[in-house]
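Q: Residue numbers (the numbering used here): 1100 to 1347.
For glycine and all other residues, C-beta sits at the position ideal for the given N, C-alpha and C.
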Amino acid sequence: MRPPVPSAHVDTFARDHLPPPDQWPRLRFDLPELRYPDRLNCAAELLHPVGTPGTRPVFRTPAGAVWTYADLRAHVDRIARILTADLGVVPGNRVLLRGPTTPWLAACWLAVLKAGAVAVTVLAQQRAHELRTICEIARVRHALCDVRAVDDLVKAEVPGLSITAYGGDAPDDLLRRAVSEVPFRAVDTAADDVALIAFTSGTTGRPKGCVHFHRDVLAVADTFSRHVLRPRADDVFAGTPPLGFTFG
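#1: Mind checking whether residue 1192 and residue 1247 have CB atoms under 8 angstroms apart?
#2: Have a look at 1228, 1231 and 1194 and flag the residue whose alpha-carbon is nearest the alpha-carbon of residue 1217.
#3: Please report the residue range of the alpha helix (DSSP H) in which residue 1168 lies.
#4: How far does the beta strand (DSSP E) with residue 1202 in it reach, from first residue to last?
#5: By DSSP, does residue 1120 sit in helix, in strand, or in coil?
#6: Which same chain residues, not among the five before or five after residue 1227, have their C-beta less than 6 angstroms away from its C-beta?
#7: Contact defined as beta carbons within less than 8 angstroms: I believe residue 1182 pairs with residue 1188. What is the distance between those atoms, to the nearest angstrom?
#8: Report the option in 1242, 1265 and 1281 whose CA atom is closest to the CA atom of residue 1275.
#9: What residues match up with residue 1265 in a beta bridge as DSSP calls it?
#10: Can you look up residue 1313 in the DSSP assignment and give me helix, strand or coil?
#11: Measure the alpha-carbon distance for residue 1314 versus residue 1116 and round it to whole angstroms.
#12: On the criterion of 16 or more Cβ atoms from any shown chain inside 10 Å, does residue 1298 qualify as buried, or is it exposed?
#13: Contact check, residue 1260 vs residue 1242 under 8 angstroms by CB: the rounded distance?
#14: Apart from the five residues just before and just after residue 1202, which ones in its own chain have a Cβ nearer than 6 angstroms to its Cβ?
#15: Do residue 1220 and residue 1139 come within 8 angstroms of each other at the CB atom, strictly closer than that value?
#16: Going by other Cβ atoms of all chains shown within 10 Å of its Cβ, with 16 needed for buried, is residue 1121 buried or exposed?
#17: Comparing alpha-carbon positions, which option in 1106, 1236, 1330 and 1279 lies nearest residue 1306?
#18: Taking buried to mean at least 16 other C-beta atoms within 10 Å of its own C-beta, is residue 1283 buried or exposed?
#19: Buried or exposed: where does residue 1125 fall if 16 or more other Cβ atoms within 10 Å of its Cβ makes it buried?
#20: Taking only the alpha-carbon atoms, compute the straight-line gap between residue 1133 and residue 1317 and give it to the nearest angstrom.
#21: Return the residue from the list 1332, 1340 and 1337 that minimises the CA-CA distance to residue 1150.
#22: For residue 1208, does the count of other Cβ atoms within 10 angstroms reach 16, so buried, or fall short, so exposed?
#23: Please name the residue, chosen from 1345, 1337 and 1279, that lies closest to residue 1160 on a Cα-to-Cα basis.
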């Protein structure tokens, strides 16, 4: 295994707590489509797929709303700017995400990664004590939460946790604050910088954080999606898995 390239993370907690490299699984990226550059930000790559015009729809909601790639990019940039300029998030910080699976949750997820932070997406069904444990393990200090799911996060009473709600009517709601029209430049993360931490349910003990790098996120799209799902440009997918399960 070659040594990692320099990290973009200012907060190095996630990388510092990886197991020793000799305990890692063998990570094979020998297929032509998996030969990624040493530096990449998976959110930037996902938001700008080659040959996809900004007018192409990316999300359709049950209410009939349609988000295009251009819409999604604009929302992601606005949220990323709030994260970094207003909330003080720096690359490597863990940001907890909680809420029903909606386009806004997906936009928050992409914004966290584009800002170089680490997404810790939990399930809306998880209760206060579970949320507190996850925050303690990952040392989470920032959270973006759908206003409909904020109560249990507040009840968790996580020391030092800053909770920013979205989807509500409060003046400080994330979506009311995210109005900047200035494009946000993606943080120049390493391909093996930590992008997300997915927690196990903890049914057999204390939850465990499963770490995924930026290149891993793209590898899923370039292998499972390409060779198993085989999507066509005009396909519409309806997914039941929540983002907290990572398959969402």
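A: The structure says:
#1: no
#2: 1194
#3: 1168-1180
#4: Segment 1202-1213 is the alpha helix (DSSP H) holding residue 1202; no beta strand (DSSP E) there.
#5: Here residue 1120 sits in helix by DSSP.
#6: 1251, 1254 and 1255
#7: 4 angstroms
#8: 1265
#9: Looking at the DSSP assignment, residue 1265 forms a beta bridge with 1245.
#10: helix
#11: 19 angstroms
#12: buried
#13: 6 angstroms
#14: These residues qualify, in order along the chain: 1158 and 1166.
#15: Judged by beta-carbon spacing, residue 1220 lies beyond the 8 angstroms limit of residue 1139, meaning their Cβ atoms are not closer than that value.
#16: exposed
#17: 1236
#18: buried
#19: By the 10 Å Cβ count, residue 1125 comes out exposed.
#20: Residue 1133 and residue 1317: Cα-Cα distance of roughly 8 angstroms.
#21: 1332
#22: buried
#23: It is 1337.
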